[in-house]
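Sequence lines, in order, name chains W and H. With my numbering applied, the first sequence covers 100 to 456. With my numbering applied, the second sequence covers 20 to 285. Here is the structure we will look at, set down as structure tokens.
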Amino acid sequence: MSFVEFQGVSKSFGDTIAVEKLNIAIEKGEFFSLLGPSGCGKSTTLRMLAGFLPPSTGRISVHGRDITRLPPEARGIGIVFQNYAIFPHMNVFDNIAFGLVERGEQKTEIARKVDAALEQVGLSGYGGRFERELSGGQKQRVALARVLVIEPEILLLDEPLSALDKKMREEMKFWIKDIQNSIGITTIYVTHDQSEALTMSDRIAVMSNGRLLQVGSPREIYEQPSSRFIAEFIGESNLLDVRVTSVNGVSCEVDLGGSLTVPARCSKQVKLSPDERVSLLLRPEMLRLAPMDAQEAPRLKGRIADSVYQGALRRYRVIAGEHDFVVEVPNRPELAQLSSGDQVDVFWSTESGVVVP
Amino acid sequence: MERKIPLPLLVLAVLGFAYMLLPILIVVLAGLTSGEFLTFPPEGLSLRWVIAFLQSEKYLSAFFFSFRLALMTMVVSTILGTAAALFLSRSRFVGRGAMRAFFLSPVVLPGVVVGFALYAFYISAGMGISRTIWGLWIGHILYSTPYVIGTVGAALATYDVSLEEAARSLGASPWRAFRKVTLPNIAQGIQAGSIFAFIVSFGQFEVSLFLSAPNSEPLPIAMYNSLRYKFDPSAAAAGIFAITLVTASVLLTNRLVNIRRLLDRQ
Ligand SMILES: Nc1ncnc2c1ncn2[C@@H]1O[C@H](COP(=O)(O)OP(=O)(O)OP(=O)(O)O)[C@@H](O)[C@H]1O
Ligand SMILES: [Mg+2]
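Given below as structure tokens:
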């Protein structure tokens, strides 16, 4: 049995179904992300776990104990909101002390714990400040300290970085991950930003329209997405329309059209049959370009349609017959600079082509 | 940096202020007349009628009756109005809009209609509270509560519910979360609403006209009654006291709110 379990959980608001028949199992100590586009039901899922929304149907359990009908204050789950929800009428000290006061702890004990929490989040000496006197990043630290000080079993974070600027976001990403690592708290992290999910998570659950599409490690999600939707949502992708010609375990062959058949990987979960129409996923960084007539397969002959300099990378659009590719090539001096109209070969190693149903 | 106000706007604003303040000025000056009758401009200035007001059993008791009634009304309206505003902002159901309109209807209905309706109801229901302070109290509560619903509703509209949720998940019961987090954050709205309720009740005329008893009249009714028989400047003097009380209560509450703010900062 897993630590946190959603069993057939659905939630509808009138006619809108926000979450549908959700089954998720989260292990203790895991950093688990809920990833999906806006409105897919991530916050609803989190709010049901926190106890703010009763599920329409289904069951949520922690440690095997059914908590579906438990009020939020009895759950021992800490939540950090997107807007931080710092109490504006209390200073930072009282904000962080709030949960301890509610638990009836001793005054001296509270002071000690709050000071330790402030220190942990790098805000020693900020106890007397009010919300309006804090920057976005500082508010976030206070919100996290306020939750961590009551030592919850589970930490919920609802898009905690979306209100910060890009630089701050990068910094806080690693900071949150560090804190999570050091105390080993089970964390559920909601985001619509795939790069956050990829860098921070142990596992990611991808949602769309209230449904769970795929659960897996960042690497599985990125390298073996279970659908075109996920492939397109996570990172950049070239998806070619192909036809399966033969299947052999996790390897298969696909027909790219123009009498070109190439080997590709396919995942064990997906049952493919010959002649099936599928997509071949090729990530832009997996592709390489070479002037015509080098000897490496698989390859397609094409023409550069567009070339954009992006600092570390150069991004090409290549048209090869009926297919259209985005290719990213590191900017190294020994690699030839290609320009629009140049004839090129596009090739990739066999393992980097993945079949997506 | 000095902010430039366009001249036409400035003129309009000054005219607006004059329009609002002039009647008050006239009442105050008329109450300070040394003549025998209520005239404007006053025939010389004196405290004659102010003293007459302070010595008039009838006016003083009306003044304190109104004061007491306004306080009683304020207390009940504040509680009822806050509860109603919370209900309206927190629950989602069909007909919520209609319910809000219904709650606010005493403000839009003519006071004469509300007063008469209540009077007819008391009589026909045989409750024995027509023309007693209790019947009057109910009428004033009905009339003042929408103002509280309005101001508290406005405060709740800008209040972020996730504050209360944060409090809950930190271990606070629904009541504790409300008292320690929601209430302090909507306190300004409640305070403003209660001042409104007090002032509206203190100045209420039409509802009182139907519901007050002859021997215990609120101040506006007493002023009206005395002016019906004699154009008596002591009515204007009573007006001075009413204006002073209302202004003082607004200033005082403003002050209290600011002091609270200052204390918070410590
Ligand atoms: N209280 C509510 N009443 C009615 N519909 C709601 C309510 N809360 C959420 N919804 C609907 O449920 C769906 C899922 O909402 P949810 O807030 O869970 O999305 P989300 O994945 O968190 O999106 P975002 O990334 O924009 O925060 C949306 O279609 C939303 O309109
Ligand atoms: Mg959300």
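Every residue, glycine too, gets a C-beta built ideally from N, C-alpha and C. From a predicted model like this one, the values you see are computed outputs, not experimental measurements.
Leucine 254(W) is positioned such that its CB atom lies closer than 8 Å to that of isoleucine 284(W).
Where alanine 363(W) is concerned, the enclosing beta strand (DSSP E) starts and stops at 360–364. The nearest non-hydrogen atom of ligand 1 is less than 7 Å from the C-beta of threonine 115(W). Taking 8 Å as the threshold, the shortest C-beta distance from arginine 195(H) to chain W falls below it.
At least one beta carbon of chain W lies nearer than 8 Å to the beta carbon of leucine 189(H). For the segment 99–113 of chain H, the beta-carbon criterion of a distance under 8 Å to any beta-carbon of chain W is satisfied by none of its residues. Judged by DSSP secondary structure, asparagine 337(W) falls within the beta strand (DSSP E) whose first and last residues are 337–347. If you look at alanine 404(W), you'll find it in the beta strand (DSSP E) that goes 398–409.
Within chain W, Phe186, His188, Met189, Phe197 have C-beta atoms less than 9 Å from the C-beta of valine 200(H), given in sequence order. Legend: CB atoms of the segment 328–354 of chain W lying less than 9 Å from CB atoms of chain H are not found in any residue. Rounded to whole angstroms, the gap between the alpha carbons of alanine 216(H) and valine 133(H) is 17 Å. For glycine 177(W), DSSP records a beta bridge to Leu254(W).
Remark: the C-beta of lysine 120(W) is outside contact range of ligand 1, defined as less than 7 Å to any heavy atom. In the same chain as isoleucine 218(H), and ignoring 5 residues on each side of it, the C-beta atoms closer than 8 Å to its own belong to Ala89, Val265, Ser268, Val269, in chain order. Shortest Cα-Cα distance from glutamine 409(W) to any of Gly157(W), Glu427(W), Phe273(W), Val346(W) involves Glu427(W). For phenylalanine 130(W), the enclosing beta strand (DSSP E) begins and ends at 130–134.
Residues of chain H whose Cβ lies closer than 9 Å to the Cβ of alanine 262(W) do not exist, since the nearest Cβ in that chain is about 13 Å away. Taking a cut-off of 8 Å on C-beta distances, the segment 217–236 of chain H does not touch the segment 447–454 of chain W, as fewer than three cross pairs fall below it.
Three or more Cβ pairs closer than 8 Å define a contact, and the segment 417–427 of chain W meets that threshold against the segment 382–390 of chain W. Residue side-chain check: phenylalanine 112(W) places its Cβ nearer than 7 Å to a non-hydrogen atom of ligand 1.
The beta-bridge partner set that DSSP reports for isoleucine 418(W) consists of Arg402(W), Asp423(W). At a Cβ-Cβ threshold of 8 Å, aspartate 374(W) and valine 343(W) count as neighbours. Interface with chain H (8 Å Cβ-Cβ cutoff): arginine 364(W) is excluded.
Under the Cβ distance rule, leucine 175(H) does not count among the residues neighbouring chain W, no pair being separated by less than 8 Å.
Closest in C-alpha terms to alanine 262(W), from the list Gly224(W), Asn182(W), His162(W), comes Asn182(W). Alanine 185(H) has a beta carbon lying within less than 8 Å of a beta carbon in chain W.
Distances taken from the Cβ of threonine 156(W) to the heavy atoms of ligand 1 include none shorter than 7 Å. A distance criterion of 7 Å places the beta-carbon of serine 307(W) beyond contact range of ligand 1, judged by its closest non-hydrogen atom. Taking the beta carbon of phenylalanine 151(W) as reference, the chain H residues within 7 Å of it are Glu184, listed in sequence order. The C-beta distance from glycine 157(W) to glycine 107(W) rounds to 4 Å, short enough to meet the 8 Å contact threshold. Going by beta carbons, arginine 119(H) and leucine 105(H) fall outside the 8 Å limit.
Against chain H, the CB of phenylalanine 446(W) has no partner CB under 8 Å away; the residue lies outside that interface.
With 16 or more neighbouring CB atoms inside 10 Å of its own CB, phenylalanine 197(W) falls in the buried class.
Exclusion of the five residues before and after isoleucine 178(W) leaves Ala149, Leu255 as the residues of its chain whose Cβ lies within less than 6 Å of its Cβ. Counted as a single uninterrupted DSSP element, the alpha helix (DSSP H) harbouring leucine 73(H) occupies residues 67–74.
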